[in-house]
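Here the structure is laid out as structure tokens; the discussion comes afterwards.
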Amino acid sequence: MLFSSVVFLFTFLPLTILLYYVTPRKAKNAVLLVVSLIFYAWGEPVYIFLMILSILFNYFSGIDLARNEGRKEEQRKSLTITVVVNLLILGFFKYYGFLIENINAALSVQIPVRNLELPIGISFYTFQALSYIIDVYRGKVNVLVNPIDFGAYVTMFPQLIAGPIVRYADVEEQLRSRRENIYKFGQGARLFIVGLAKKVLLANTIGAVYTEAAAQAPASVLTAWIGCAAYTFQIYYDFSGYSDMAIGLGKMFGFEFPQNFRYPYIARSVTDFWRRWHISLGNWFREYVYIPLGGNRVSVLRHIMNLMIVWLLTGLWHGASWNFVVWGLYYGVILIIEKYVTGRLLAKLPEVIGVLYCMFLVMIGWVLFASPGLKEAFVYLGRMFGAGASSIFDRHALYLIKSNWMLWIFLVVGCTPVMHRLGRVLLWDEEREASAPVAILYLGMFFISVVYLVTETYNPFLYFRF
1150 MLFSSVVFLF
1160 TFLPLTILLY
1170 YVTPRKAKNA
1180 VLLVVSLIFY
1190 AWGEPVYIFL
1200 MILSILFNYF
1210 SGIDLARNEG
1220 RKEEQRKSLT
1230 ITVVVNLLIL
1240 GFFKYYGFLI
1250 ENINAALSVQ
1260 IPVRNLELPI
1270 GISFYTFQAL
1280 SYIIDVYRGK
1290 VNVLVNPIDF
1300 GAYVTMFPQL
1310 IAGPIVRYAD
1320 VEEQLRSRRE
1330 NIYKFGQGAR
1340 LFIVGLAKKV
1350 LLANTIGAVY
1360 TEAAAQAPAS
1370 VLTAWIGCAA
1380 YTFQIYYDFS
1390 GYSDMAIGLG
1400 KMFGFEFPQN
1410 FRYPYIARSV
1420 TDFWRRWHIS
1430 LGNWFREYVY
1440 IPLGGNRVSV
1450 LRHIMNLMIV
1460 WLLTGLWHGA
1470 SWNFVVWGLY
1480 YGVILIIEKY
1490 VTGRLLAKLP
1500 EVIGVLYCMF
1510 LVMIGWVLFA
1520 SPGLKEAFVY
1530 LGRMFGAGAS
1540 SIFDRHALYL
1550 IKSNWMLWIF
1560 LVVGCTPVMH
1570 RLGRVLLWDE
1580 EREASAPVAI
1590 LYLGMFFISV
1600 VYLVTETYNP
1610 FLYFRF
């Protein structure tokens, strides 16, 4: 079920809110668990059993870790088994086909490959469960004795399918005792509407431009760059819009989820970009992979190896394809270069030069990310730099610019703090309750978004496939 769907907006969400707020406090987590399982089963009726299995397995694994407290060897064995089982389940569904296809190609054999549908959100809820298990082992959080609370944590529908990845440590206290109020609900509703508008009005619209530009064959250099720019904006407004909706929904139910985006397209370096983009995933890899490997408190060669391991895993986390592997290694190499070669130079550059440098490299990365395979990615990159392009520019490229000029302006301005600062000066301050004009503005955004939902057919979330 999509957040940006009529059935969610006018059936599932209102009924869930009503049920949640009329339920006694002691049973609210049970309500969240049940509605979250319904939410997931709506789109994945078969894989709901896999999710329940994951919940039960990780719940009892946490109990086992707590029971063996003080016996490090037993705890270590329990942790190892739990992590391996979680990764094997994730690996089977996500990488089984990729592995067999590469074995067939490398050894010239014909092992049959059965295409398995990837369970939606499995990467996200597996990482959440692992964060809980690892933190229990480290003694950073208390074990959850109540299975309902643990199930609610793993399945919580606002961030179940595409994040942000919420570590148990971030919501441990909130699961036990949180307070809902009209002010927080209003904050959440406003944030949800902003995310919905980003998704429906901006991401979907520019996504159509990307589809049109990418379909041109042969295409001009300018058309290829327009397509790349369109996808660059589409994935930002699509994913950050989903994150806004998820965080907003969390507030409506009394939770505070971590921020997932912080204006990544104004970053002055790729290192800064990855501190601003998909923050929860970066924090997860830093906490549970990078630091255990030694982080940067090791020799230069070991630090380089640590970075490459993290970024190889980051690429693979996003998908079972060589273009994702290359995408991850691409960023690993860039971050190493910035760390040891160009870091000081970048810090001295004018801000606009730094932003342009960063966006150029990020846009190249998005071609690797968006392409169905490595071959297609290199073909598209070649076209952007003149290899295989029909011309430098053509009428179609100019049409894509002229017919969408106002959209391009909104996209550029919207991914900077300008709109937010302007709104705080002219309309509202987030620390105060919204005024009537602000409420009308948000209701207008919601109404226009719903009109677009009803009239348009293109509406998938890009990150659902990860």
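If you want the working numbering, it's the position in the sequence shown, counting the first as 1, plus 1149.
Beta carbons are placed, not taken as given, at the ideal position from N, Cα and C, and that holds for glycine.
As summarised for the stretch 1300-1326, the continuous alpha helix (DSSP H) elements at least 4 residues long and confined to that stretch are 1317-1325, given in chain order.
Judged by DSSP secondary structure, residue 1265 falls outside any alpha helix (DSSP H); it is assigned neither H nor E.
Here DSSP, grouped into helix, strand and coil, assigns residue 1412 to coil.
Here residue 1497 carries a helix assignment [DSSP, helix/strand/coil]. Taking a contact as a CB-CB distance under 8 Å, the pair residue 1373 and residue 1538 counts as one, their CB atoms being some 7 Å apart.
Residue 1305 is classed as buried because its beta carbon has at least 16 other beta carbons within 10 Å across all chains shown.
Counting only the Cα atoms, residue 1610 lies some 15 Å from residue 1155. A direct Cα-to-Cα measurement between residue 1153 and residue 1222 gives close to 48 Å. For residue 1216, same chain residues with a beta-carbon under 7 Å away, outside a window of 5 residues either side, do not exist. If you ignore the 5 residues before and after residue 1503, its C-beta comes within less than 7 Å of the C-beta of 1417, 1418 and 1495, all in its own chain and listed in chain order. Under a 10 Å Cβ-count criterion, residue 1440 is classified as exposed, with fewer than 16 other Cβ atoms of the shown protein chains found around its own Cβ. DSSP places residue 1440 outside any alpha helix (DSSP H), giving it a letter other than H or E. When DSSP states are grouped into helix, strand and coil, residue 1150 belongs to the coil group. With contact defined as three or more Cβ pairs closer than 8 Å, the stretch 1449-1461 and the stretch 1223-1240 are not in contact. Using a 10 angstroms sphere on the CB of residue 1476, the tally of other CB atoms reaches 16 or more, which defines it as buried. Within its own chain, the residues whose Cβ lies closer than 7 Å to the Cβ of residue 1422, once the five positions on either side in sequence are excluded, are 1413, 1416, 1507 and 1511, listed in chain order.
Taking residue 1230 as reference, the option from 1286, 1192, 1200 and 1277 with the minimal CA-CA separation is 1286. Taking 8 Å as the cut-off, the Cβ atoms of residue 1352 and residue 1383 count as close. Secondary structure at residue 1538: coil, using DSSP grouped into helix, strand and coil. Annotated as proximal: residue 1329 and residue 1402, with beta-carbon spacing under 8 Å.
The count of Cβ pairs closer than 8 Å, one atom from the stretch 1386-1402 and one from the stretch 1327-1345, reaches three, so the stretches are in contact. Setting aside the 5 residues that flank it on each side, residue 1562 is surrounded in the same chain by 1568, each with a C-beta closer than 8 Å to its C-beta; the list follows chain order.
In the structure shown, residue 1172 falls within a coil segment according to DSSP collapsed to helix, strand and coil.
Ranked by Cα distance from residue 1533, the options 1189, 1334 and 1370 are led by 1370. Contact between the stretch 1270-1285 and the stretch 1205-1213 is established, with three or more Cβ pairs separated by less than 8 Å. Taking a contact to require three or more Cβ pairs closer than 8 Å, the stretch 1512-1519 and the stretch 1484-1491 do not qualify as touching.
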